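Engineer: Under the working numbering, the residues of the sequence shown are numbered 209 to 349, in order.
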Amino acid sequence: VDGNIALTQSLIGDADYLVAYGLAEFDANGTEAVTIELWADDNYKIWLNNKEISKSKPAKITQANIDNAAQFRKLKGNWVRNPKHVLLKKIELVEGRNRILVKVSNFTHGWYFRVRITDADRKKSKISEIQLIEKKEKEED
C-alpha cells in the first residue's frame with residue numbers, strides 16, 4: 209500500500225478547517241511485522257484493525273494561521289508539500305484482511321496525507337505482496 213492523497217485538489221478545492229477520512233483494506237498472507245509510514249498535513253489519527261496506533265499532537269489555531277491562509281491563496285496553488293507530521297511505526301499485520309483508517313484534519317493551506325507499508329526494515333515496499341481488496345474483487349467479477 210503506497211499512496212499520496214492530495215485532499216486540496218481531490219475534494220473541494222481550497223478550504224480550511226475540515227476533516228477527511230481515508231480507508232484501505234488489504235489481505236496479508238500471514239502474520240508479519242511491517243513498518244507503516246504516514247506523512248500528514250495537518251493533524252492525523254490512524255487506526256489498524258480498529259485499534260488506534262498513533263495520533264499527532266493538536267496544532268494550535270491562531271489568528272496568524274487564519275491570516276496566512278488568505279495570503280496563501282494568492283499564491284495560486286504553488287504549494288510545497290512539507291508534512292507537519294511524519295510517523296514511522298512498526299506494526300503487526302494479521303493473517304487475512306487488515307484495515308487502515310486515517311483521519312486527517314486541515315486548518316489552513318495545503319492538505320494531504322500519504323501512507324506506505326514496507327517491510328520491517330523499510331527497505332522494500334509491500335505493495336507487490338499485499339493485494340488491495342478492491343483489485344481482488346474486480347478480478348473475481
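The beta-carbon is built from N, C-alpha and C at its ideal position, and this holds for glycine as well. Predicted model, so just to flag it, every value in this text is computed and none were measured.
When DSSP labels each residue in this structure, what does D327 get in the three-state scheme?
Structural biologist: In the sequence shown, residue 327 corresponds to position 119, counting from 1. In the structure shown, D327 sits in a strand (DSSP, three-state: E or B).
Engineer: Check whether the Cβ atoms of A321 and G238 sit closer than 9 Å, and answer yes or no.
Structural biologist: Numbered from 1 along the sequence shown, position 113 holds the residue referred to as residue 321. Numbered from 1 along the sequence shown, position 30 holds the residue referred to as residue 238. The residue asked about is misnamed: residue 321 is Phe in this sequence, not Ala. For F321 and G238, no; Cβs fall outside 9 Å.
Engineer: Please report how far the alpha carbon of K332 lies from the alpha carbon of N257, in whole angstroms.
Structural biologist: Stepping through the sequence shown from its first residue, residue 332 is reached at position 124. Stepping through the sequence shown from its first residue, residue 257 is reached at position 49. Taking the straight line from one Cα to the other gives about 22 Å.
Engineer: Tell me whether A248 is buried or exposed, calling it buried when 16 or more other Cβ atoms sit within 10 Å of its Cβ.
Structural biologist: Position 40 of the sequence shown, counted from the start, is the residue given in the question as residue 248. With 16 or more Cβ atoms within 10 Å of its Cβ, A248 is classed as buried.
Engineer: Buried or exposed, going by whether 16 or more other CB atoms sit within 10 Å of the CB of D250?
Structural biologist: Position 42 of the sequence shown, counted from the first residue, corresponds to residue 250. Label assigned to D250: buried.
Engineer: In the DSSP assignment, find the beta strand (DSSP E) that holds Y229 and state where it starts and stops.
Structural biologist: Residue numbering aside, residue 229 sits at position 21 when the sequence shown is read from its first letter. Where Y229 is concerned, the enclosing beta strand (DSSP E) stretches over 226-236.
Engineer: What residue range does the beta strand (DSSP E) around T243 cover?
Structural biologist: Here residue 243 corresponds to residue number 35 of the sequence shown, with the count starting at 1. Unbroken beta strand (DSSP E) run through T243: 240-249.
Engineer: Are there 16 or more other CB atoms within 10 angstroms of the CB of L246, so buried, or fewer, so exposed?
Structural biologist: What you label residue 246 is simply residue 38 of the sequence shown in a count that begins at 1. So L246 ends up on the buried side.
Engineer: Whole angstroms is fine: what's the gap from E323's alpha carbon to R330's?
Structural biologist: Position 115 of the sequence shown, counting from 1, holds the residue named residue 323. Position 122 of the sequence shown, counting from 1, holds the residue named residue 330. Checking the displayed sequence, the identity of residue 323 turns out to be Val instead of Glu. Distance between the alpha carbons of V323 and R330: 13 Å.
Engineer: Confirm, please, whether the CB-CB distance from Y225 to T316 is below 9 Å.
Structural biologist: On the sequence shown, residue 316 is found 108 positions in, with the first residue counted as 1. On the sequence shown, residue 225 is found 17 positions in, with the first residue counted as 1. Against a cut-off of 9 Å, the Cβ pair of Y225 and T316 comes out as a contact.
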